[in-house]
Amino acid sequence: MWEPSFVENVLYLADSYKKHGGHLPLRIKAIPEGCVVPTKNVLFTIENTDPAVPWLTNWFETLLVQTWYPMTVCTISRGYKQQIARYLHATSDSLDSLPFKLHDFGYRGSTSVEACD
């Protein structure tokens, strides 16, 4: 069975620009940024709205799943901040210094700018 080449697929997307309202034929649903979500919950879904480009869904999913790392860093940092807040509450009259208690040493320890972004 004949399958269109990547170039033909990209040209199809360019030609169908108006058909899709100026957007790619994908429906992406996601929780709002910054939400705390219990484990085993879907964070985002990707749905293809044009069967002529079935590869597009997986292509974008491959990019979007890279969010796991910054989300993991945020989860760990949140836990640290909660622990720091508990000790500040026990040893201080104020939590005013809490924003200054968790420092980012990841940038210095990274192999490149891209690795720490």
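Counting in the numbering used here, the sequence shown runs from 7 upward without gaps.
C-beta atoms are modelled at their ideal positions from N, C-alpha and C, and glycine is treated no differently.
Everything numeric in this text was worked out from a predicted model, so none of it was measured.
- Assignment of Glu14 by DSSP, reduced to helix, strand and coil, places it in the helix class.
- For Leu70, the enclosing alpha helix (DSSP H) starts and ends at 61–70.
- In the DSSP assignment, Leu32 falls outside any alpha helix (DSSP H) and lies within the beta strand (DSSP E) extending over 32–36.
- With distances taken between CA atoms, Thr45 lies nearest to Thr81 out of Tyr93, Thr81, Pro105, Gln88.
- A Cβ-Cβ separation of about 11 Å leaves Leu108 out of contact with Leu94 under the 8 Å criterion.
- Between the segment 51–70 and the segment 23–42 there are three or more inter-stretch CB-CB distances shorter than 8 Å, so the stretches are counted as touching.
- Counting along the chain, the unbroken beta strand (DSSP E) around Thr51 starts and ends at 50–54.
- In this model, Phe106 and Gln89 are separated by some 14 Å (Cα to Cα).
- Here DSSP, grouped into helix, strand and coil, assigns Thr45 to coil.
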